[in-house]
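Chains as they are written, first to last, in this note's numbering: chain A, 3 to 379; chain B, 526 to 818. We treat Cβ as the ideally placed atom computed from N, Cα and C, and that holds for glycine. Just so we're clear, the structure is a prediction, and the values are computed from it rather than from any experiment. All remarks here apply to the structure that follows.
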Amino acid sequence: MRRFVCGMLTAMVAVILIATAPAGAQEIRLGFTPPITGASAAEGALQIKAIDLALKQINAAGGVNGKKINLIKVDNQSTNPGALTALQKAVEQEKVLALVGSVKSTQILAMSDAVKTYGVPMMIGGTNATLTRQGNPWLFRIRPDDSIAAAAMVKYIKEETQFTKVGILHDSDAFGTGGADLVEKGVKAVGLTLVRRERYTTKEKDFTAQLLSLKNAGAQIMVLYGTNPEDVAVIQRQYRQLGSPFKYIGSPSSQMKDALNLSREAAEGIIAVADFVPGQSEVNRKYADDYKKEYNEVYDTTSAWTYDGLNILVAAIKKAGEDRAKIREAILATQGYKGVLGTFNFTPNGDGLSEVSVVQIEKGVPKLLKIVNVGAK
Amino acid sequence: MDLATNLQMVTAGLAMGSIYALVALGFVLIFNAVGVVNFAQGEFVMVPAFVAVWLMDVLHLPFPLTYLVTVIFMGVFGIVFQRIAYYPLRNRTFLPVIIATIGVSIFLKNGAQIVFGAEPQLMHRPTPPDVLNLSGVFVDPQYIVIIVCTLGLLVFQYFFFEKTSLGKKMQATAQDKDMARLLGIRVATMIAITFAYSSILGAAAGILVGPIFYVTKEMGGMLGLKAFCSTIVGGFGNVQGAVLGGIFLGVVEVFAAYYVSSAYRDAFAFIILILVLLFRPQGFFGEKIAEKA
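Have a look at this one:
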């Protein structure tokens, strides 16, 4: 009996080994760390839809040199410790070759040291400008960074409007504070007056005090650097309810689908910076069609970076093979790549884009006002 | 500082404070009845908000019917909650019950995400979306609805507890269970009714704030914490204290955010909590808990 059990066990182990070994050799394992649970779960769901579309297309087209891409998704729980754990799990347990990380700057900061230690390429959507300038050569940014969004907002106020008195309202997390710091610097540099800077904590529900404070300080236009679309939606409604006492220009969260779905008519006429405007290029229109076919809904602009991120990463792997250092070089060598978000020309720092669009909300949809290019840095 | 700004902030503060007060009342009633802090109290606001959105968007019920069904649902919900999280543990110390309420809280949050999805939902408002412009003071009509409904509920509650036999039995149960039992009061039933009522208070809060906050699975978290602060500031276990503590916190928060620092808005509630615990641990209206303990 004992011998029988031993035999069975050996046979089972053998079967498992045979079953898994070839599969491991014929696929390329990549990781993705979206927020599946927690405060950003809503954004996470949209990011997964976008990246799954890219994955489906890549594998349908034959993968990389005959190998299928296996994308392993690890929940970052919408928190910094969660993001770090997800990274560790993806690299150590799931043995991924490279990964698409997070869209939140604070989470990327939390992961940054470990990414550097592992030496694993990570595509990021976080827009805090300093992320790619801290001596970590393994981060590759797929969205225009905040210095671009912030510079574009200031440039737009200065060149396209008559306003001189600017107020800032921002989320007190790393994203909002980083963005607001850049706006403040830019406003002063071009000779506009910063009349007041107000902040709020994520998930706050009443912004009366902040908005009134900006109004009473004499702000003609408010620059909103918000993080969570829900918070932004509440701000848009209360801004409207206070009688729109000043003009409103916002960071990309101000035109996110999640925000506009909630604020509805309160968002009409609001100006915001967008990574890009739907339909601005052929790649972009094709993505819109494919997304519509796959999910029967309009895609979310702030999540499309995961689509470009995976595509650029896979293109680099195609060129470089399964070697992390070579993949890194191949990503940095990516020039003139036409993605959904725009034309990518990577800088040595790892920044892919240097242009943004200024949009205005019309009937619930962002309409292009002007594409602002602030030049490569 | 001009009058219009201050009036506007008073309205916003009173509205937020009213919601804190409703949730705080829920805490206090359950605490008085069974001596346990219910950490799922915040979710007592989130669940009815989702239910109301579902009734409106999927079943297309009109406003009054939606509210009625939500309130009835939450009444039943409170009794079921009591059966699951309190009743089986009633003869143990308070600790297992507290852990059970935390468990239910986590379960409800994640359950809401599975059932209703992760996306925040918009709850339609019974009031017009436009603000009232009262000669320069812009007031969201929903704020007025919140304040009036809360006042109405408090008046109802006063008469219910002071003038009806059921209310008096519930009070007797809260004061001394053994004595109440000797007098022939069905203690278990009274406790179940207390949970149901506390849950209905949550329903009122959820329906009232839904159109302003938007409905998410996380909406109860901070609300629950602030309400808990309110009960301690007002004097733990004291009904008037919970109400006044809530309104006090709501108003102070708005003014502190405006005049001191908007970055630390949420911190003010907790700073006040710490100050109260240091200098007046029994709260503004409470009896001396420290001596009792």
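Cutting at 8 Å between CB atoms, please list the residues of its own chain near residue i, excluding the five before and the five after it.
{"i": "E299 of chain A", "result": "Y293"}
{"i": "T595 of chain B", "result": "P573, V576, A577, L580, A728, G731, I732"}
{"i": "R706 of chain B", "result": "V712"}
{"i": "A625 of chain B", "result": "I609, A610, Y611, L614"}
{"i": "L798 of chain B", "result": "C754, I757, V758"}
{"i": "K69 of chain A", "result": "Q28, E29, I30"}
{"i": "T2 of chain A", "result": "In the structure displayed, chain A extends from 3 to 379; residue 2 of chain A sits before or after that span and is not available."}
Ignore the nearest five residues each way along the sequence and tell me which others in residue i's own chain have a CB closer than 6 Å to its CB.
{"i": "P645 of chain B", "result": "Y739, T741"}
{"i": "A318 of chain A", "result": "I329, A332, I333"}
{"i": "N375 of chain A", "result": "E357"}
{"i": "G311 of chain A", "result": "V102, M125, I144"}
{"i": "N563 of chain B", "result": "I555, T626"}
{"i": "A131 of chain A", "result": "D147, D148, S149"}
{"i": "V779 of chain B", "result": "M534, A537, G538"}
{"i": "K694 of chain B", "result": "I710, M715"}
Can you tell me whether residue i is buried or exposed? The criterion is at least 16 other CB atoms within 10 Å of its CB, across all chains shown.
{"i": "D665 of chain B", "result": "buried"}
{"i": "A191 of chain A", "result": "exposed"}
{"i": "T304 of chain A", "result": "buried"}
{"i": "S246 of chain A", "result": "exposed"}
{"i": "A52 of chain A", "result": "buried"}
{"i": "H172 of chain A", "result": "buried"}
{"i": "V583 of chain B", "result": "exposed"}
{"i": "V785 of chain B", "result": "exposed"}
{"i": "S660 of chain B", "result": "exposed"}
{"i": "A23 of chain A", "result": "For A23 of chain A, the predicted structure reports a pLDDT of 46, less than 50, and the residue's modelled location is therefore unreliable. A value from the coordinates is still provided. Classification of A23 of chain A: exposed, given that the 10 Å Cβ count is below 16."}
{"i": "D115 of chain A", "result": "exposed"}
{"i": "K288 of chain A", "result": "exposed"}
{"i": "G64 of chain A", "result": "exposed"}
{"i": "S690 of chain B", "result": "exposed"}
{"i": "D703 of chain B", "result": "exposed"}
{"i": "G762 of chain B", "result": "buried"}
{"i": "G551 of chain B", "result": "buried"}
Distance check for residue j and residue i, CA to CA, integer angstroms please.
{"i": "V622 of chain B", "j": "I725 of chain B", "result": "21 Å"}
{"i": "G677 of chain B", "j": "V656 of chain B", "result": "23 Å"}
{"i": "A43 of chain A", "j": "M744 of chain B", "result": "14 Å"}
{"i": "F606 of chain B", "j": "F773 of chain B", "result": "30 Å"}
{"i": "Q700 of chain B", "j": "F685 of chain B", "result": "17 Å"}
{"i": "I60 of chain A", "j": "A717 of chain B", "result": "58 Å"}
{"i": "F346 of chain A", "j": "F278 of chain A", "result": "13 Å"}
{"i": "G771 of chain B", "j": "I597 of chain B", "result": "25 Å"}
{"i": "G600 of chain B", "j": "L586 of chain B", "result": "19 Å"}
{"i": "A47 of chain A", "j": "E296 of chain A", "result": "15 Å"}
{"i": "N658 of chain B", "j": "W307 of chain A", "result": "43 Å"}
{"i": "Q387 of chain A", "j": "P83 of chain A", "result": "Past the edges of chain A, shown from 3 to 379, lies residue 387 of chain A, and the structure says nothing about it."}
{"i": "F641 of chain B", "j": "F681 of chain B", "result": "33 Å"}
{"i": "M113 of chain A", "j": "K160 of chain A", "result": "37 Å"}
{"i": "E270 of chain A", "j": "A276 of chain A", "result": "16 Å"}
{"i": "I71 of chain A", "j": "K320 of chain A", "result": "11 Å"}
{"i": "L802 of chain B", "j": "S723 of chain B", "result": "25 Å"}
{"i": "E257 of chain A", "j": "A152 of chain A", "result": "Reading the sequence as shown, one finds Gln at residue 257 of chain A and not Glu. Going by the C-alpha atoms only, they are around 15 Å apart."}
CB-CB under 7 Å to residue i, same chain, minus the five flanking residues each way: which ones, in chain order?
{"i": "R239 of chain A", "result": "S265, A268"}
{"i": "I672 of chain B", "result": "L539, A540, S543"}
{"i": "Y668 of chain B", "result": "T536, A537, A540"}
{"i": "L55 of chain A", "result": "D292, Y293, E296, Y309"}
Starting from residue i, find everything on chain A with Cβ-Cβ shorter than 8 Å and list it in chain order.
{"i": "Q638 of chain B", "result": "T39, A43"}
{"i": "V583 of chain B", "result": "Per Cβ cutoff of 8 Å: no residues; V583 of chain B is ~17 Å from chain A at best."}
{"i": "E743 of chain B", "result": "A41, K205"}
{"i": "V680 of chain B", "result": "Residues of chain A passing the Cβ test: none, with the nearest at roughly 25 Å."}
{"i": "A537 of chain B", "result": "D208, T210, A211"}
Give the residues of chain B in contact with residue i, contact being defined as C-beta atoms less than 7 Å apart.
{"i": "S174 of chain A", "result": "A788"}
{"i": "A52 of chain A", "result": "Going along chain B, no residue has its Cβ under 7 Å from A52 of chain A, so there is no contact; the nearest lies around 15 Å."}
{"i": "E232 of chain A", "result": "P645, Y739, T741"}
Which residues in chain A sit within 9 Å of residue i, going by Cβ to Cβ distance?
{"i": "I737 of chain B", "result": "K207, D208, V236, R239, Q240"}
{"i": "M534 of chain B", "result": "T210, A211, L214"}
Output, in chain order, the set of chain A residues within a Cβ distance shorter than 7 Å of residue i.
{"i": "D665 of chain B", "result": "Q243"}
So which residues of chain B does residue i contact, with C-beta pairs closer than 9 Å?
{"i": "A47 of chain A", "result": "G642, A643, E644"}
Is there at least one non-hydrogen atom of the ligand PLP closer than 6 Å to the beta-carbon of residue i?
{"i": "R266 of chain A", "result": "Ligands in the displayed structure: none, and consequently the ligand PLP is not present."}
Using a C-beta cutoff of 7 Å, does residue i count as contacting chain C?
{"i": "M648 of chain B", "result": "Chain labels in this structure do not include chain C; the protein chains are A and B."}
* Relative to chain A, which residues along the region 541-554 of chain B have a C-beta separation below 8 Å, given in chain order? -> M541
* **Contact residues within the region 239-254 of chain A, judged by C-beta distance below 7 Å to chain B** => Q243, L244, G245
* Check each residue of the region 290-315 of chain A: if its Cβ is closer than 9 Å to any Cβ of chain B, include it; give the result in chain order. => none
* For the region 200-220 of chain A, which residues have a CB atom closer than 7 Å to at least one CB atom of chain B, in sequence order? -> E200, R201, Y202, T203, K205, E206, K207, D208, T210, A211, Q212, L214, S215, N218
* chain A contacts made by the region 760-793 of chain B, where a contact means CB separation under 7 Å -> V779, A782, Y783, S787, A788, R790, D791
* To do: Closer than 8 Å, Cβ to Cβ, to anything on chain B: give me those residues from the region 258-284 of chain A, in chain order.
  => D260, N263, L264, R266, E267, A268
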